[in-house]
């Protein structure tokens, strides 16, 4: 399944393949954004990936990917990675503003 949104081609996959670790549920390689099925409809993950999409356009895709991978040697894909900080901040803000499901009682 796929959708086109704001110039992005968003593709739903069962899971993100290797070489990405199992903890990765979405990946952007402009103009494509790949979402694992479990986060396909997660608006806050979409906000995160759209930040990467915008940054890749600004940097151009290949230079962005090279610098991202080089920085990943030190930071991995954590919130401390310089290219992840803003994306995680936007995702966290989205989650803070999103309505929480009512607890089952």
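Numbering (the working numbering), first residue to last: 1107 to 1211.
In this text, a Cβ means the ideal position worked out from N, Cα and C, and glycines have one as well.
Of the other Cβ atoms in all chains shown, fewer than 16 fall within 10 Å of the Cβ of residue 1109; this residue is therefore exposed.
Straight through space, the alpha carbons of residue 1174 and residue 1168 are spaced by roughly 10 Å. Inclusion of residue 1155 and residue 1133 in the CB contact set at 9 Å is warranted, their separation being smaller than that value. Rounded to whole angstroms, residue 1114 and residue 1152 show a C-alpha spacing of 11 Å. For residue 1163 against residue 1136, the beta-carbon gap comes to about 6 Å, under 8 Å, which counts as contact. Around the Cβ of residue 1186, a 10 Å sphere holds fewer than 16 other Cβ atoms; the residue is exposed. Counted as a single uninterrupted DSSP element, the alpha helix (DSSP H) harbouring residue 1156 occupies residues 1149-1165. Judged by DSSP in its simplified three-state form, residue 1172 adopts helix. Residue 1201: member of the alpha helix (DSSP H) spanning 1191-1203, first to last residue.
The residues 1117, 1119, 1122, 1132, 1133, in chain order, have a CB closer than 7 Å to that of residue 1140 in the same chain once the five nearest residues on each side in sequence are set aside.
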